[in-house]
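Q: I am attaching a structure below and will ask some questions about it afterwards.
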Amino acid sequence: MGTGRSAQILKKAVKLIPGGVNSPVRAFKAVGGGPLFISRAKGSKIYDVDGNEYIDYIGSWGPMILGHVHPKVSAAIKKAVDRGTSYGAPTELEVTLAEHTLKAFPSMDMVRFVSSGTEATMSALRLARAYTGRDGIIKFEGCYHGHSDSLLVKAGSGAATLGVPDSPGVVADLAKHTYNATYNDLASVRAIFEKKPKAIACVIVEGVPGNMGVVLPKEGFLKGLKALCKEFGALLIMDEVMSGFRLCYGGAQKIYKIDPDLTCLGKVIGGGLPVGGFGGKRKIMEQLAPSGPVYQAGTLSGNPLAMTAGIETLKLLQGKTVYEKLYKTTNSLVEGLEEIAKRRGVPVRTAVAGSMFTVFFSERPIASWKDARGADTAKFGKYFTRMLKAGIYLPPSQFEAVFVGLAHTGKDIAKTLEAADKAMKGL
Ligand SMILES: *Cc1c(COP(=O)(O)O)cnc(C)c1O
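Residue numbers (this note's numbering): 56 to 482.
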């Protein structure tokens, strides 16, 4: 927990920046205490301003799949800096990253790059609405798609189908076009479609949700969504901002054999620099300006440094044994944690998706946001604090994924399990 210099900096930060942070989840609110202020990172380790070393399982919330300061990525970025950091004109780098992206995601014929996942999903929505001439969207409770108005909405009280704004400032007239369904429940989606058969532009779903903690799609759920979209003339948007290069090289759509109309990307695709992307079928993508009428733009979109980091990262992820190694490391950690929980008599439910996972402190299986919300967050808070004290930097919320990267070593895993064994004692 942020003590020493971190606590000092936080005192100053809260006067200058709301909550002292530039993205809320960094504030450690869910677990209590202040955040660590970070000074540097290398490989699997991250260091706070007091010089404490932690094994990092946040990885910048997903992007750092190769570990911090990968020599090849760093060298490429350094070289790119000397050629200029932004031109506001197209570069060949954008074409190269597009080639890598489209090869990884055969469902996409074209892609447009932006600077964040939020921009990607926001733009994909606009495109879906324009293409179908409809306003309504269906999303799932517990799925996060960035903070644009239409998507920052979840059902107020379980049964509500009409969107209720999740944040003050979200225009109710806009939020009312957002319908919330229950994850893993096709009937809840069909019910909305049947009520509004000609009003729904798209269904947007996380490839595999990681933003309520990792929750796996049930057999047939994603295929069922695609079929419902087809039946009612809506588009399927797979938001693979998190899952895209985490589950495998090609995301959830490759693993679950889904052919979405549009896909959103982010996080890993920028290798630690700000990149998002959205893409899909040519006839839809060509509606985008300047080839079509749907406006979307960005001064720093396709930024040469960011493209360089993305290209180098994707190239390295194409190595033959990369994902095998990731799965092996992840599984050894998860299996170890399950064994410890069992031995310590702590009821947990784990969900693993490639190189991300969540240990829910829950006796019941987790298939939706309602289930996830039932997890014991107080227990998680204790576990988190004990782990942090032992030098293990986990996401500071029960409802987040833990990210394993290629830099995590057998020694890291052993140290993590040793810490977990102590942390779960008496939980
Ligand atoms: C992180 C995330 C986003 C938002 O991306 P930002 O780069 O934070 O704007 C959108 N969708 C999913 C699934 C995400 O995990």
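Yeah, the Cβ is synthetic: ideal placement off N, Cα and C, and Gly gets one too. Quick caveat, the model's predicted, so the values are computed rather than measured.
#1: Under 6 Å: does the beta carbon of V296 sit that close to some heavy atom of ligand 1?
#2: On the three-pair Cβ rule with 8 Å, is the region 218-236 touching the region 293-307?
#3: Helix, strand or coil for S141 per DSSP?
#4: My output table needs one value for C198: the three-state DSSP class, helix, strand or coil.
#5: Could you tell me which whole beta strand (DSSP E) segments of length 3 or greater appear in the region 100-156?
#6: Nearest to I255 by CA position, among G436, V269 and N235, is which residue?
#7: Based on DSSP bridge pairs, tell me the residues matched to I324.
#8: Kindly identify the DSSP beta-bridge partner or partners of L290.
#9: Just to confirm, is the Cβ distance from A175 to V166 under 7 Å?
#10: Apart from the five residues just before and just after M362, which ones in its own chain have a Cβ nearer than 8 Å to its Cβ?
#11: How many Å lie between L207 and G191 at the Cα?
#12: Considering only DSSP beta bridges, list what I192 is partnered with.
#13: Within the same chain, show all residues whose beta-carbon is closer than 7 Å to that of K466, passing over the 5 residues directly before and after it, in chain order.
#14: Here's the rule I'm using: 16 or more other beta-carbon atoms within 10 Å means buried, otherwise exposed. How should T354 be labelled?
#15: Provide the residue span of the beta strand (DSSP E) that contains F435, from first to last.
#16: Using the Cβ count rule (16 or more neighbours within 10 Å means buried), how would you classify S61?
#17: Quickly, what does DSSP pair N266 with across the bridge? List them, please.
#18: Any idea if D103 is buried or exposed, counting beta-carbon neighbours within 10 angstroms, 16 or more meaning buried?
#19: Tell me whether R301 is buried or exposed, calling it buried when 16 or more other Cβ atoms sit within 10 Å of its Cβ.
#20: Let me confirm a value: S141 is counted as buried when at least 16 other C-beta atoms fall within 10 Å, else exposed. Which label applies?
#21: Closer than 6 Å by C-beta to V407: which residues in its own chain qualify, once you throw out the five before and the five after it? Chain order, please.
#22: Shorter than 6 Å, the distance from the beta carbon of Y261 to the closest heavy atom of ligand 1, or not?
#23: My output table needs one value for M362: the three-state DSSP class, helix, strand or coil.
#24: Using only alpha-carbon positions, find the residue among F439, A430, T440 and S410 that is nearest to H463.
#25: DSSP has A408 in a bridge; who is on the other side?
#26: Would N239 and S452 be called neighbours here (beta carbons separated by less than 7 Å)?
#27: Can you pull the DSSP bridge partners for R398?
#28: Taking the beta carbon of A282 as the centre, do at least 16 other beta carbons fall within 10 Å, making it buried, or is it exposed?
#29: Below 7 Å between beta carbons: does that hold for S94 and Q308?
#30: Which residues bound the alpha helix (DSSP H) around S61?
#31: For L290 and I259, what's the separation of their Cα atoms in angstroms?
#32: Enumerate in chain order the residues of its own chain whose CB-to-CB distance from G325 is below 7 Å, with the five nearest sequence positions on each side excluded.
#33: Are at least three pairs of beta-carbons, each pair with one atom in the region 310-318 and one in the region 273-281, less than 8 Å apart?
#34: Locate the alpha helix (DSSP H) running through K97, then write down its first and last residues.
A: Working from what's here:
#1: Counting from one through the sequence shown, the residue named residue 296 turns up at place 241. In this structure, the C-beta of V296 approaches ligand 1 to less than 6 Å from one of its heavy atoms.
#2: Judged by Cβ distances under 8 Å, the region 218-236 makes no contact with the region 293-307, as fewer than three pairs qualify.
#3: Within the sequence shown, the letter at position 86 stands for residue 141. In the structure shown, the three-state DSSP call for S141 is coil.
#4: Locating residue 198 in the sequence shown gives position 143, counting from the first residue. Of the three classes helix, strand and coil, the one that applies to C198 here is coil, per DSSP.
#5: Taken in chain order, the unbroken stretches of beta strand (DSSP E) that lie wholly in the region 100-156 and span 3 residues or more are 100-103 and 108-111.
#6: In the sequence shown, counting from the first residue as 1, residue 255 sits at position 200. Checking every option, the nearest Cα to that of I255 belongs to N235.
#7: Within the sequence shown, the letter at position 269 stands for residue 324. Looking at the DSSP assignment, I324 forms no beta bridge with any residue, so it has no partner.
#8: Walking along the sequence shown from the start, residue 290 turns up at place 235. BP columns for L290 point to C257.
#9: Along the sequence shown, read from residue 1 onward, the residue named residue 175 stands at position 120. Along the sequence shown, read from residue 1 onward, the residue named residue 166 stands at position 111. No, they are not a contact pair.
#10: Start at 1 with the first residue of the sequence shown, and residue 362 comes out as number 307. Counting only Cβ-Cβ distances below 8 Å, and skipping sequence neighbours, we find T146, L148, E149, T151, L152, F168 and V330.
#11: Numbered from 1 along the sequence shown, position 152 holds the residue referred to as residue 207. Numbered from 1 along the sequence shown, position 136 holds the residue referred to as residue 191. Taking the straight line from one Cα to the other gives about 14 Å.
#12: Against the sequence shown, residue 192 aligns to sequence position 137. DSSP, once it has assigned bridges, lists T233 and C257 as partnering I192.
#13: Translated into the one-based positions of the sequence shown, residue 466 becomes position 411. Nothing meets the Cβ criterion.
#14: In the sequence shown, the residue the question calls residue 354 occupies position 299. So T354 counts as exposed.
#15: Taking the first residue of the sequence shown as 1, we reach residue 435 at position 380. Careful: F435 lies outside any beta strand (DSSP E), inside the alpha helix (DSSP H) at T432 to K444.
#16: Locating residue 61 in the sequence shown gives position 6, where the first residue counts as 1. By the 10 Å Cβ count, S61 comes out buried.
#17: Residue mapping note: residue 266 aligns to position 211 of the sequence shown, counting from 1. Partner(s): G268.
#18: Here residue 103 is taken as the residue at index 48 of the sequence shown, counted from 1. Under this definition D103 is a buried residue.
#19: Residue 301 sits at position 246 when you count from the first residue of the sequence shown. By the neighbour-count rule (16 or more Cβ atoms within 10 Å), R301 is buried.
#20: On the sequence shown, residue 141 is found 86 positions in, with the first residue counted as 1. Exposed.
#21: In the sequence shown, residue 407 corresponds to position 352, counting from 1. Non-local C-beta neighbours of V407 in its own chain, meaning closer than 6 Å and more than five positions away in sequence, comprise V389, ordered along the chain.
#22: For the purposes of this step, residue 261 is identified with residue 206 of the sequence shown, where counting begins at 1. It should be pointed out that residue 261 corresponds to Glu in this sequence rather than to Tyr. Checking every heavy atom of ligand 1 against the Cβ of E261, one is found closer than 6 Å.
#23: By one-based count along the sequence shown, residue 362 stands at place 307. Correct three-state label for M362: helix.
#24: Here residue 463 is taken as the residue at index 408 of the sequence shown, counted from 1. Nearest option by C-alpha distance: S410.
#25: The residue labelled residue 408 in the question sits at position 353 within the sequence shown. Partner(s): M411.
#26: Numbered from 1 along the sequence shown, position 184 holds the residue referred to as residue 239. Numbered from 1 along the sequence shown, position 397 holds the residue referred to as residue 452. The answer is no: Cβ separation not under 7 Å.
#27: Within the sequence shown, numbered from 1, the residue matching residue 398 stands at position 343. DSSP links R398 through a beta bridge to no other residue.
#28: In the sequence shown, the residue the question calls residue 282 occupies position 227. Flag for A282 reads exposed.
#29: If you number the sequence shown from 1, residue 94 lands on position 39. If you number the sequence shown from 1, residue 308 lands on position 253. No, Cβ-Cβ distance for S94 and Q308 is not below 7 Å.
#30: In the sequence shown, counting from the first residue as 1, residue 61 sits at position 6. G59 to L71 is the span of the alpha helix (DSSP H), which, as asked, contains S61.
#31: Translated into the one-based positions of the sequence shown, residue 290 becomes position 235. Translated into the one-based positions of the sequence shown, residue 259 becomes position 204. Approximately 8 Å between the Cα atoms of the pair.
#32: Taking the first residue of the sequence shown as position 1, residue 325 is located at position 270. Here the set comprises P118, A361, A364 and G365.
#33: As far as the Cβ criterion goes, the region 310-318 touches the region 273-281, which means the pair count is three or higher.
#34: The residue given as residue 97 occupies position 42 in the sequence shown. Annotation: K97 is outside any alpha helix (DSSP H); the continuous beta strand (DSSP E) that includes it extends over I93 to K97.
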